[in-house]
Structures are given as structure tokens and as C-alpha cells.
Amino acid sequence: MTQSVTAGPAAGTASAPPSPLRRALPWAAAAVALTASLVAGLLSTAPTMWGLLPIGLYAVLALTGMNLVTVTAIAVAGAALVALPPVGDTVGVLGGSVTDPVTVIGLIIVLGAAVGEVLRVTGVADSLVRGILRIAAGHGRIALMYGMLCACLVLVAGLGTLAGALAIAAPLLVPVAARAGFTRSATAATMFLGGCAGLALAPFAGSNIAIMKTADTGYLTYLLVGAGPLAVLSLLLAAVVVPWVQRRSAAKDDFYRPDEVTEDTSDDGPADPVAAARTRHATWAFVTVLALTVLYAALTEAGTTFPLVALPLMAVCTAAAARLSPLRAVKAFLTGARSLLPMLLLFWLLSALFGFIDLVQPYDVVLETYGPALSGMSALPFALAVAALGWVGVPGATAAQVVLIGEVFGPLGTELGIGPAAWVIILLWASKADTYGPLPNANMVGAMGLARARRLPYLLCTGWALLIPACALYTILLTVLL
């Protein structure tokens, strides 16, 4: 997934740097593929299936761990070599990509990071976590567990990023969990389940916007058939999974030490009454604007461009309610945006990649060649196979993975009659399944690091406990829809 968190020292030691030979292999593969692309461009004319070669190059190089912006640039070069378009067409593809919906998704990701920084600077993020924990306090351990889970869910859903949200929540949640007797592993499992559910629900997260754009549907449909079932399943299973982790890890004395949880133990927020009042006003402003924009998007099925208005509006209203000076507000906004500017470049390159591929029309050849066979194929096996690509997808760029899957398999899915609701499930599970297993991933290890947990098997079991029933649930929903 795109949004991952950085593990702390507790998560384990860093691996050794790759050898020079291993670093050189991806570049050697890229050189061979680019040479093959040039030969294909010289020997073939559109339409040709050679246009799929850059897609294969992209997938192979991405799986090697090479920087994704570099990978995408190499794939764009390969696509241009296959197409060998005139200079005018090349300029047209590159220029048209600037305003393409795929590039807009990258801009949304940048704006989401900017809003997240404004929420951090104004104290709104802290306020949301403290407010939810205050509601759950004094009602027993299960209520507190759900309070911690919901705090992560709400904060991640509001910020649209797992990394920043859990990093903000952890210093507030860990002391509370320690005082209540939660183990490290149970705390990590709670943060993991809540954060991942919140990321699925996030209305303006880049990956979710990519799913809605690719499936050509609105947030309400996305919520009803895709994110909603996953979030509900997470909440229900947490009542069983977290206590199980608590019992097993408690037997191994997996508790926090007193010296580890001395920071951020205040539940009252800012000591200055004026600052506290401003933070409270900013929190209500953010929650109100978020609710209204989500409601508007759900009722009107607003398009991909709506977050371009909604996200800056949230930032402005929150900063104004917090009485943040214009200079400080702009500085916070730009600081957050700057952290994810490479994503904007990545999506512009992706748009250019698809533009060059369209020039050689490989999908027309695929449909002409395999169309008769596809017409007799069942849509359900195709849908399940595409959804399963979540386990071998593009690492580190969930939104890019969604766009890529839609571009490659969208025409075939249309041929089989797969509708928008089914595409929501396919794309959501293809992009988020690997978060829950079957192998360890950055989100698991990150939640462990932030919770100062050390026992990875408990997080793996937590992921598997959701992965298996979620697979069954989405299979049933796809069977009904198809």
C-alpha cells in the first residue's frame, strides 16, 4: 500500500545494503527492455501487442525495489520507443498528461498531506484522539480497546494517511494502553486494525479516489460495497482478536515498562486555556467541514476533481478556526505538500505512460484476438484473479497499483460485463489485501514499532484473522454482483 508507517527500533534491525551486482541487475534489465522496445517500435506498427511491453517492464522493475518514479520514467521511455510517435504527438501526450485524471489523483495525494500537516500544527489531530479516549475512559478494558481502535480509525480516515496518523496517535495511545494493562502486542494489534479500517474509509485518500475514478462510481457505492464491509468486519473481529492477543502476549510478560510511558500522559491537551479553546474550535470546524464534504460527495457522486476543492477548504477552515496566522498556515500547508511532491511526478509519468501505450492500441489487439474466448468466460473467476493481484502488486504505491490494474484489465472486464460496484471490490481488495497478509509488510511492522511491540507473529495472526473472512465476504459479494 501507499501509506505505510516507519518502524521504530523495536521492530527489528536494518537489513544489509544490497551488493553492487544486485543493484546493477535492475538497470541491466531496464537496458535490455528498452532495447527490445526500440526494436519492437522499428519493426511493428499500431495496433500491436508490443504496447504491453512497457507494462511488463514497469511491473518487473517495481518488484525489484527500485524507486517508483525512476521505474515509471523508464517505462515511459519504453512506451515512447514502442510507439515512436512524431514530435507533435509526443508533446501532445506529455502536455495532455498534466490535466489528465490520473495526474489529478497525484495532486490529491499531495493536498491530503498538506491538510494533514495543518491538522498536526493546529493540534486538531491530538484533539480528536484525546476526545475519543475521553469518551471510552472508565467503561472497562473492552470499551477502552474500542476507543483506541476508533481513535486510529477516525484520525486515519480524516488525514487519509496511515503513516502520519498513527505516528501522531501513538504517543497518546501507548501511555493510556500501558496504564490500563494492555500488552505491547495488543496495543499494536488495536492500532493496526483501527488504522487499516480508517484508511479504507478515508474519503479523500489517494488510493480510494483512484478506486472510485477507475470504477467510475461515487463514494456512497464505494462505502456500501467496498470499505464499509471491511470496516465493520474489522470492528467485529477486534472484540475477539485483540483479547486473544492480550491473553497470549500477557503470558509472555509483554507489558510496558514504567520508564517507557512517561511522555504525553496528560489527557487535558494544551495547558493554555486560549490555545485549548482555539484547538477545540478548529477540531469542530474540521469535523464539520469533513462531514459536509463527504455528505455532498456521497449524495452528488462528485467526481475526481471534488477533493481539489474539499481538501484546501478543510485546511483553510481549520487554520482560521485555530486563529493560525496566514503565514504559519501557508507554511504548514506547503510543508505537508512538499513531503509528497514526488507522488505528483509519479502520477504525471503514469498518465504519460498510458498515453503512449494508447498510441499503439495493444488492447484492441487483445480484444480482437481473445474476445471470442472472453465472451464465454465467467466474470467471477476473472474478478477473483484480478483481485488476487494484491499479493504481487506494485509495492509502495497503492494508488498507482489501482490505476495500473484498471488500465490493464479494465477493457477485459468491460468485455465480461463487470459493473462499477464489482470493480470497487476488485480494486479495493487488489490494493489492500497485502496489508493483512499472508506475509509481513511495512504497515504491520510500522504499527509494531510505534506501539513498541516486538513479536511479529501476533500481528501476522491479527492480519490473517481479518484476511480470511474478508476474502470469503468479498467473494460472496462478487458472486451476488456478477
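Heads up: the sequence shown at position 27 corresponds to 27 in my numbering, and the numbers run straight through without jumps.
Note that the Cβ used here is the ideal one computed from N, Cα and C, for glycine as well.
Model, not experiment: these values are computed from the prediction.
Taken in chain order, the unbroken stretches of alpha helix (DSSP H) that lie wholly in the stretch 246-324 and span 4 residues or more are 273-300, 306-321.
Between T279 and G406, the alpha-carbon positions lie close to 41 angstroms from each other.
Here T217 is not bridged, per DSSP, to any residue. The stretch 102-113 makes contact with the stretch 336-345: 3 or more CB pairs, one atom from each, lie closer than 8 angstroms. Annotation: L334 to V104 spans about 18 angstroms, alpha carbon to alpha carbon. Inter-segment contact for the stretch 150-160 and the stretch 189-204 is present: three or more beta-carbon pairs are separated by less than 8 angstroms.
Judged by pairs of C-beta atoms under 8 angstroms, the stretch 472-481 touches the stretch 417-432, as three or more such pairs exist. With a threshold of 16 other beta carbon atoms within 10 Å, I135 falls short and is exposed. For N443, the uninterrupted alpha helix (DSSP H) segment begins and ends at 442-451.
The beta carbons of V309 and P203 sit no closer together than 8 angstroms. Here T183 is bridged, per DSSP, to F255. The three-state reading of DSSP puts Q401 in helix, counting H, G and I together. By the criterion of a C-beta distance shorter than 7 angstroms, A143 is surrounded in its chain by A136, once the five residues flanking it on both sides are discounted. DSSP places S351 in the uninterrupted alpha helix (DSSP H) bounded by 341-360.
Linking V287 to A200 through their CA atoms gives a straight-line distance of about 18 angstroms.
The distance from the Cβ of A285 to that of A321 is about 4 angstroms, consistent with a contact at the 8 angstroms cut-off.
Inclusion of A125 and I168 in the CB contact set at 8 angstroms is warranted, their separation being smaller than that value.
In the structure shown, the three-state DSSP call for F333 is helix. Restricting attention to W464, T122, V445, the CA atom closest to the CA of L456 is found in V445. Taking 8 angstroms as the cut-off, the beta carbon of V402 is found no closer than this to the beta carbon of T48.
When secondary structure is reduced to three states using DSSP, A379 falls in the helix class. If you compare the alpha carbons of I357, A430, P171 with that of T90, the shortest gap goes to I357.
In chain order, M145, A186, A189, T190 place their CB closer than 6 angstroms to the CB of V242, counting only its own chain and leaving out the 5 sequence neighbours on each side.
Annotated as proximal: S207 and A399, with beta-carbon spacing under 8 angstroms. For G158, the enclosing alpha helix (DSSP H) begins and ends at 141-159. Here the C-alpha atom of R323 lies approximately 21 angstroms from the C-alpha atom of A291. Cα atoms of I468 and L233: separation of roughly 11 angstroms, rounded to the nearest angstrom.
Using a 10 angstroms sphere on the CB of N67, the tally of other CB atoms stays under 16, which defines it as exposed. Apart from the 5 residues on each side of it in sequence, S44 sits with its Cβ closer than 6 angstroms to the Cβ of W50 in its chain, given in chain order. Residues of the same chain with a CB within less than 6 angstroms of the CB of L428, apart from the 5 flanking positions on each side, are I211, G226 in chain order. At the C-beta level, A29 and L63 stay beyond 8 angstroms of one another. Cβ-Cβ distances below 6 angstroms link I74 to A30 in the same chain, with the five nearest sequence neighbours on each side left out; the list follows chain order. Judged by DSSP secondary structure, Y436 falls within the alpha helix (DSSP H) whose first and last residues are 420-436. Your pair I418 and L482 checks out as a contact, with CB atoms roughly 7 angstroms apart and the cut at 8 angstroms.
Ranked by Cα distance from F409, the options L367, N441, Y219, F182 are led by L367.
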